[in-house]
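**Student:** First, the structure itself, so that you have it in front of you.
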Amino acid sequence: RGSLQNFIRTALQTRPCANAWPLVVSVDDYLGPQQEQLLGELSYITAMTQLAKWYDTVGISYGEMVRDITYLEGDETFFNKKDVHFGHWAHQSIAWSVGFAAMELLSNYCYDEHYARTKENSPAAADDVANESSDDFKKIIKQNKMFLPPPLTYELARESVTAEFANAIETAHQSFIDRNCTSFDKQSDENMNPCIEAWISSPGGYGPGEINAFINSHKTDVKDWITENQMGEGWSNKIGFIATKADASFTLRFNDIAKDVRVVTIYFIRSYGEKWKDSRAKFTISRVQEKEGGGTSAFVVSEDVISGIHDDVTHTHSPTLDQSMVLSETILKGESIEMKVDLVSGSHFKIMGMMLCEK
Numbered sequence: 136r137g138s139l140q141n142f143i144r145t146a147l148q149t150r151p152c153a154n155a156w157p158l159v160v161s162v163d164d165y166l167g168p169q170q171e172q173l174l175g176e177l178s179y180i181t182a183m184t185q186l187a188k189w190y191d192t193v194g195i196s197y198g199e200m201v202r203d204i205t206y207l208e209g210d211e212t213f214f215n216k217k218d219v220h221f222g223h224w225a226h227q228s229i230a231w232s233v234g235f236a237a238m239e240l241l242s243n244y245c246y247d248e249h250y251a252r253t254k255e256n257s258p259a260a261a262d263d264v265a266n267e268s269s270d271d272f273k274k275i276i277k278q279n280k281m282f283l284p285p286p287l288t289y290e291l292a293r294e295s296v297t298a299e300f301a302n303a304i305e306t307a308h309q310s311f312i313d314r315n316c317t318s319f320d321k322q323s324d325e326n327m328n329p330c331i332e333a334w335i336s337s338p339g340g341y342g343p344g345e346i347n348a349f350i351n352s353h354k355t356d357v358k359d360w361i362t363e364n365q366m367g368e369g370w371s372n373k374i375g376f377i378a379t380k381a382d383a384s385f386t387l388r389f390n391d392i393a394k395d396v397r398v399v400t401i402y403f404i405r406s407y408g409e410k411w412k413d414s415r416a417k418f419t420i421s422r423v424q425e426k427e428g429g430g431t432s433a434f435v436v437s438e439d440v441i442s443g444i445h446d447d448v449t450h451t452h453s454p455t456l457d458q459s460m461v462l463s464e465t466i467l468k469g470e471s472i473e474m475k476v477d478l479v480s481g482s483h484f485k486i487m488g489m490m491l492c493e494k
């Protein structure tokens, strides 16, 4: 729940002056088998559904579409009892479920917008609100849900939730004023990207050439790391930057950064088998400063060791996971950051992406 909710909240805040939210779509293509207990298997879809409802985003689940058939018949057409990877019919069903949901989304959105503009005769999301009074604008914010709800956490209580929503509306209104959104050019593309660098590997992301270009543009040292495109590890190709020998290391330098950086997130493969035995990599993030008389000095602001192999030896799948490192000090715009990665045990570790962001 935590990582998905953080993603949704970050995505919804990328265009604060726009009069309509970005479209956020969560697709659940998982049916098992990570654990024997069905309630455990249902935990992710339960959280995804709750968050989609809470934030009024789109949640699509292939698992929910075929779960009853799979459990009732025990048929493996849409499911693999021993592995999270499944055959082409399951992949085709995922595509059908996304296509159907897209058509349903379009139909529902058009109906709701038409109703708001004609039946209720009220301002809709795209209307100009520059000349509205403060109270009237807050009503428009509330009516069109142009605010970010309070985080859905265990601490959020029924007794305080109404006040939390009121605070969220007030925050949205104040943000509109602080950013001078009344003068915002709706045709412009304001850059609200909180990251100086952000990439994730294919499918849909960086390919081998783009990963190599990224590494080459920032590297100061690379020893026994290469870009790997291994079809044998799954039809998703698992393209990534991989350590190939024990004691492999590399260092990247990001000079004169364009934005403050407080959080570094690493996407990586956690796998199984002999290849990944004892796989552990140490990530060290440092602030680089110029020294009087020349040269530079580096001050460590975060260190973390990430495991590339499952603790449970019965796991036979290779998910892409993420781990965030909150820096002890914010690296300020105009300064430089160094990232050093050392393979501290094992002979392989695969990086699938990374983000260097202000939050």
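This note's numbering numbers the first residue of the sequence shown as 136 and each following residue consecutively. Cβ atoms here follow ideal geometry from the backbone N, Cα and C, with glycine treated the same way. Keep in mind the model is a prediction, meaning the values are calculated, not measured.
Below 6 Å CB to CB, which residues in the same chain sit around P329 once its five sequence neighbours on both sides are set aside?
**Tutor:** For P329, same chain residues with a beta-carbon under 6 Å away, outside a window of 5 residues either side, are C492, E493, K494 in chain order.
**Student:** According to DSSP, simplified to helix, strand and coil, what is A230?
**Tutor:** helix
**Student:** Beta carbon of F389, beta carbon of I350: below 8 Å?
**Tutor:** Result no, Cβ atoms of F389 and I350 do not sit closer than 8 Å.
**Student:** For a minimum of 3 consecutive residues, which ranges assigned as the beta strand (DSSP E) are wholly contained in the segment 470-494?
**Tutor:** 471-480, 484-492
**Student:** Rounded to the nearest angstrom, how far is the Cβ of L287 from that of Q185, given a contact under 8 Å?
**Tutor:** Between L287 and Q185 a beta carbon distance of about 7 Å is seen, short of the 8 Å cut, so the two are scored as contacting.
**Student:** DSSP on F300, reduced to helix/strand/coil?
**Tutor:** helix
**Student:** Are V479 and V440 close, meaning C-beta to C-beta below 8 Å?
**Tutor:** yes
**Student:** In angstroms, rounded to a whole number, what distance separates the CA positions of N347 and E464?
**Tutor:** 29 Å
**Student:** Does the beta carbon of H450 come closer than 8 Å to any beta carbon on chain D?
**Tutor:** Among the chains in the structure shown there is no chain D, since it carries only a single protein chain.
**Student:** When burial is assigned at 16 or more other CB atoms within 10 Å of the CB, is G222 buried or exposed?
**Tutor:** exposed
**Student:** Measure the CB-CB distance between Y197 and L147 and report whether it falls below 8 Å.
**Tutor:** The answer is no: Cβ separation not under 8 Å.
**Student:** DSSP three-state label for M281, please.
**Tutor:** In the structure shown, M281 falls within a coil segment according to DSSP collapsed to helix, strand and coil.
**Student:** Within its chain, find whatever has a CB closer than 8 Å to the CB of Q458; leave out the 5 residues flanking it on each side and keep chain order.
**Tutor:** Counting only Cβ-Cβ distances below 8 Å, and skipping sequence neighbours, we find T400, I401, F403, D439, I441.
**Student:** Return the residue from the list L387, D391, E363, Q140 that minimises the CA-CA distance to A378.
**Tutor:** E363
**Student:** For the segment 149-160 against the segment 170-185, are there 3 or more C-beta pairs whose distance is under 8 Å?
**Tutor:** By the Cβ criterion, the segment 149-160 is not in contact with the segment 170-185, since fewer than three pairs of Cβ atoms, one from each stretch, lie closer than 8 Å.
**Student:** Since E332 contacts M490 with CB under 8 Å, what's their CB separation in whole angstroms?
**Tutor:** Taking the Cβ atoms as the reference, E332 lies roughly 7 Å from M490, within the contact range of under 8 Å.
**Student:** Quick one: what's E409 bridged to in DSSP?
**Tutor:** In DSSP, E409 forms no bridge with anything.
**Student:** Which stretch, first to last residue, makes up the beta strand (DSSP E) that contains K354?
**Tutor:** Run containing K354: 354-358, per the beta strand (DSSP E) assignment.
**Student:** Return helix, strand or coil for V264, following the three-state DSSP convention.
**Tutor:** With a pLDDT of 49 at V264, under the threshold of 50, the modelled position of that residue is not reliable, and the figure given next carries that caveat. The answer is coil: DSSP assigns V264 none of H, G, I, E or B.
**Student:** How many angstroms separate the CA atom of F311 from the CA atom of S352?
**Tutor:** 38 Å
**Student:** Give me the Cβ distance between Y374 and S336, rounded to the nearest whole Å; I'm assuming they're in contact under 8 Å.
**Tutor:** Inspection of the sequence shows that residue 374 is occupied by Ile rather than by Tyr. Sure, about 4 Å apart at Cβ, within 8 Å.
**Student:** Please state if the CB of G481 and the CB of D413 are separated by a distance shorter than 8 Å.
**Tutor:** yes
**Student:** Would E473 be called buried (16 or more neighbouring beta carbons within 10 Å of its own) or exposed?
**Tutor:** buried
**Student:** Below 7 Å CB to CB, which residues in the same chain sit around P284 once its five sequence neighbours on both sides are set aside?
**Tutor:** W189, Y190, F300, A303
**Student:** Determine whether the beta carbon atoms of S161 and G194 lie at a separation below 8 Å.
**Tutor:** yes
**Student:** Could you tell me which residues DSSP pairs with L387 in its beta bridges?
**Tutor:** The secondary-structure analysis by DSSP pairs L387 across a beta bridge with K354, M474.
**Student:** Between G167 and the rest of its own chain, which residues show a CB-CB distance below 6 Å, the 5 nearest in sequence each way excluded?
**Tutor:** E176
**Student:** Residues in its own chain within less than 8 Å of R314 by CB, not counting five upstream and five downstream?
**Tutor:** P151, C152
**Student:** Would you kindly work out how many angstroms separate the C-alpha atoms of K485 and I420, rounded to a whole number?
**Tutor:** Between K485 and I420, the C-alpha separation is close to 18 Å.
**Student:** Sorted by chain position, which residues of the same chain lie with C-beta nearer than 6 Å to K475's C-beta, five sequence neighbours on each side aside?
**Tutor:** The answer, listed in chain order, is T386, T419.
**Student:** Can you tell me which of K277, Q309, W360 puts its alpha carbon nearest to the alpha carbon of T297?
**Tutor:** K277
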